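Report on the following structure.
Numbering (our numbering), first residue to last: 2 to 474.
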């Protein structure tokens, strides 16, 4: 096999590019996989009809048959050799500049279609198997780093796999690197479940937020210790955070139920949005960094908008965070993720939301989860099935389409409304309205990406931040 070249020129950090040729290459391979596997083709049809999603957004990796020039072609499409091989002398590739599935290149002595296998990501193989009446038996330990099962389809030229990942990028159900660290011991599954329950059962409501963040720090230390790695801890923590957010949002509950009909879970998540106070923003970022997140691009929406955001990404789980806060224009060039931020005389949209509902890491939970869908279909289907409306799109490009579902209105606790009135952040009329009617708390975000674009549209995000200001509803 030809030695796979590394990508020679990677775009500057966070200057996310569009990769239409790569998208077309992958789309053709997925089309071929569906042509050569009737169960996969029917599943793609059901995904579209029953969950408003596209099968390409569920692909974890493709296995392509080795052929002359393939490795070089992948390099030209922006793929680079990954650290984890697919098999002995069989390389895998990941795309550092775009949001695309991994690709493995494997020998196929018996011939057959170019796509030897297509693997779909799900939260639970058992749930997928039960939902589709398949009787699958996963390879790999329960709660393990990588588990897979093959869907047996008579006469299929392309194999269909379903995979679970927990803080691991490779393809070994029993990775030797984990075994050397003692992370494949018989009690590993028990420890992972215990770590998850620690985070799930933690207190979220405190008299003072500082006490709450102290408690988060203490619980997180125990979660990481019990999980045995920050990678697994990250996976477990965000699984719980999605559950908590979902429990407080009707649109999320409906859509999760739709995806669970096929046993998919939230494996199509795109990013998780946390709203934060200025006072505790550095502590929030510090907690994410303890889980292994690194900073990506940051945003400031301009002088009149009054907000900013720090994007973070986890290199192993691929989880992305959008952390919002009120931000003054002169602070945009500072390291606002780590530095001290003095209080403002009056809050802007994010600060008021936190004042009304609490910190996202504490009692409020996430402002929204953005997942990948068939954009037009989701809006139509949520309206038809559950009378859930979608707001006007705030991004509408061929490569990035975004819209919120109508906001979930949450009750506002009396002590929070009283404090905002006392601080002069709201007036008496707003105080009375928030107590009587509540305030917008959370959304499900409908997103469709194209051409592998990983970034965000700052101008459009600014518009939707302003549109969701609690004082406007």
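All C-beta atoms, glycine included, are put in the ideal place defined by N, C-alpha and C.
What you are looking at is a predicted structure, and each value in this text was computed from that prediction instead of being measured.
How would you label residue 43, buried or exposed, when you count the other beta carbons within 10 angstroms and need 16 or more for buried? A residue is called buried when at least 16 other Cβ atoms come within 10 angstroms of its Cβ; residue 43 does not meet this threshold and is exposed.
CB of residue 162 within 9 angstroms of CB of residue 116, strictly: No.
Quick one: using the 10 Å Cβ neighbour count with 16 as the cut-off for buried, is residue 96 buried or exposed? Here residue 96 is buried, its C-beta having at least 16 other C-beta atoms within 10 Å.
What's the gap between the Cα of residue 85 and the Cα of residue 60? So the alpha carbons of these two residues sit roughly 18 angstroms apart.
With DSSP run on the structure shown, which of helix, strand or coil describes residue 8? Bear in mind that the predicted position of residue 8 carries a pLDDT of just 36, short of 50, making it unreliable; the figure below should be weighed with that in mind. DSSP places residue 8 in coil when its eight states are reduced to three.
Bridge partners of residue 88, per DSSP? BP columns for residue 88 point to 91.
Helix, strand or coil at residue 293 according to DSSP, with G and I counted as helix: In this structure, residue 293 counts as coil in the three-state DSSP scheme.
Whole alpha helix (DSSP H) runs in the region 114-184 with 4 or more residues, listed along the chain? DSSP runs (the alpha helix (DSSP H)) wholly in the region 114-184: 126-132, 177-181.
Go ahead and label residue 139 buried or exposed: buried means 16 or more other beta carbons lie within 10 angstroms of its beta carbon, across all protein chains shown. Under the 10 Å beta carbon count, residue 139 is surrounded by 16 or more other beta carbons and is classified as buried.
Going by beta-carbon coordinates alone, are residue 265 and residue 452 separated by less than 9 angstroms? Between residue 265 and residue 452, the gap from beta carbon to beta carbon reaches 9 angstroms or more.
Looking at the secondary structure, which residues open and close the beta strand (DSSP E) in which residue 374 lies? Annotation for residue 374: no beta strand (DSSP E) segment contains it, and DSSP assigns it neither H nor E.
Which residues in the same chain have their Cβ closer than 6 angstroms to the Cβ of residue 197, if we skip the five residues on either side of it in sequence? Within the same chain, residue 197 has close Cβ partners 237.
Candidates 433, 104, 48, 360: closest to residue 217 by CA position: Comparing Cα positions, the closest option is 360.
Residue from 234, 220, 424, 380 whose Cα sits closest to the Cα of residue 352: Minimum Cα distance to residue 352 is reached at 424.
Can the beta-carbon of residue 299 be found less than 9 angstroms from the beta-carbon of residue 287? It is not a contact, given that the beta carbons lie outside the stated cut-off.
Bounding residues of the beta strand (DSSP E) (the contiguous stretch that carries residue 311): Annotation for residue 311: the continuous beta strand (DSSP E) segment containing it runs 308-314.
Which of the three DSSP states, helix, strand or coil, is assigned to residue 456? If DSSP states are grouped into helix, strand and coil, residue 456 belongs with coil.
I want to check one thing, is the minimum distance from the CB of residue 96 to the heavy atoms of the ligand GTP below 8 angstroms? What this structure holds is no ligand at all, so the ligand GTP is not there to describe.
Between the region 252-263 and the region 443-450, do three or more beta carbon pairs fall short of 8 angstroms? Cβ pair count under 8 angstroms is three or more, so yes.
Name the two residues that bound the continuous alpha helix (DSSP H) containing residue 432. Secondary structure note for residue 432: its alpha helix (DSSP H) is the uninterrupted segment 429-438.
Would you kindly work out how many angstroms separate the C-alpha atoms of residue 355 and residue 246, rounded to a whole number? Going from the Cα of residue 355 to the Cα of residue 246 covers about 15 angstroms.
Please check the pair residue 526 and residue 291, which I expect to be a contact at CB under 8 angstroms, by giving their CB distance rounded to whole angstroms. Shown here, the chain extends from 2 to 474; a query on residue 526 therefore has no answer.
Residue 38: which of 409, 99, 156 sits nearest, CA to CA? Residue 156 is the option with its Cα nearest to residue 38.
Distance between residue 118 and residue 158 (C-alpha atoms, nearest Å): About 9 angstroms.
When 332, 348, 349, 350 are compared against residue 342, the one with the closest alpha-carbon: Put simply, of 332, 348, 349, 350 the residue whose alpha carbon is nearest the alpha carbon of residue 342 is 332.
How long is the line joining the alpha carbons of residue 289 and residue 154, rounded to whole angstroms? Roughly 42 angstroms separates the two Cα atoms.
Where residue 500 and residue 51 are concerned, what is the direct C-alpha to C-alpha distance, given to the nearest angstrom? Since the first and last residues shown for the chain are 2 and 474, residue 500 lies out of range.
Can you list, in chain order, the residues of its chain with a C-beta nearer than 6 angstroms to that of residue 427? Leave out the 5 residues immediately preceding and following it. Closer than 6 angstroms at the Cβ level, and outside the excluded window around residue 427, lie 421.
Quick one: give me the first and last residue of the alpha helix (DSSP H) that residue 225 is part of. If you look at residue 225, you'll find it in the alpha helix (DSSP H) that goes 210-228.
Rounded to a whole number of angstroms, what is the C-alpha to C-alpha distance between residue 170 and residue 412? Distance from the CA atom of residue 170 to the CA atom of residue 412, rounded to whole angstroms, is 41 angstroms.
Would you say residue 165 and residue 141 are within 9 angstroms of each other, going by their C-beta atoms? Remark: C-beta atoms of residue 165 and residue 141 approach each other more closely than 9 angstroms.
Compare the Cα-Cα distances from residue 136 to each of 143, 126, 145, 68 and report the closest residue. The residue with the shortest Cα to Cα distance from residue 136 is 126.
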